[in-house]
Amino acid sequence: MSDSKTLYTAHVLVTGGREGAARSSDGRLDVKLSTPGTSGAGTNPEQLFAAGWSACFEGAMAIAAKARGVDLPEALAIDAQVELRLGEDGYALAARLDVHVLGLDADIARQIIEAAHRTCPYSKAVKGNIDTVVALV
């Protein structure tokens, strides 16, 4: 990785953990945090991860589609689910992306999804680390 070029660095300060707040250095992200399943008014790390991975994945799909000369439909949507699990070895995450690509041939859509899953930085980060499913629905 030493030959890689940094394209962007996100700087976020979190105070108070799951019951605190997160604010980016540029002020674009400024959210309250709450523990999942509580009545707190904020979001949680699992929701933020779901949003980040699905947005990144859609970008990777656009790159894969362009490389194949395919236009993705405007109705493309990704339903991301991130689970916080507790097992014998402690806490863990599991994640699922259900990709909706209405109007595109299913075989072509699968090829694009597979290529995106190989190239998306979030997909690379979770590969082999958490249970994941990426599916065309």
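So for the sequence shown, our numbering puts the first residue at 473; every next one is plus one.
No residue lacks a Cβ here, since even glycine has one placed at the ideal position from N, Cα and C.
Beta-carbon spacing of residue i, residue j below 7 Å
| i | j | result |
| --- | --- | --- |
| residue 568 | residue 605 | yes |
| residue 504 | residue 522 | no |
| residue 566 | residue 555 | yes |
| residue 608 | residue 571 | yes |
| residue 547 | residue 574 | yes |
| residue 528 | residue 594 | yes |
Proximity to residue i [Cα-Cα], best of the options
| i | options | result |
| --- | --- | --- |
| residue 583 | 536, 531 and 519 | 536 |
| residue 531 | 602, 483, 589 and 601 | 589 |
| residue 461 | 593, 518, 596 and 496 | Residue 461 cannot be examined here, being either before or after the span of the chain that is shown, 473 to 609. |
| residue 579 | 525, 542 and 559 | 542 |
| residue 597 | 576, 524 and 561 | 524 |
Which of helix, strand or coil DSSP assigns to residue i
| i | result |
| --- | --- |
| residue 535 | helix |
| residue 579 | helix |
| residue 478 | coil |
| residue 574 | coil |
| residue 556 | strand |
Beta bridge counterpart(s) of residue i as assigned by DSSP
| i | result |
| --- | --- |
| residue 504 | 493 |
| residue 515 | 505 |
Residue i beta carbon near the ligand COA (any heavy atom closer than 6 Å)
| i | result |
| --- | --- |
| residue 551 | Although the ligand COA was asked about, the structure shown includes no ligands whatsoever. |
How about the stretch 476-496 and the stretch 505-515: do they share at least three Cβ pairs that are nearer than 8 Å?
yes
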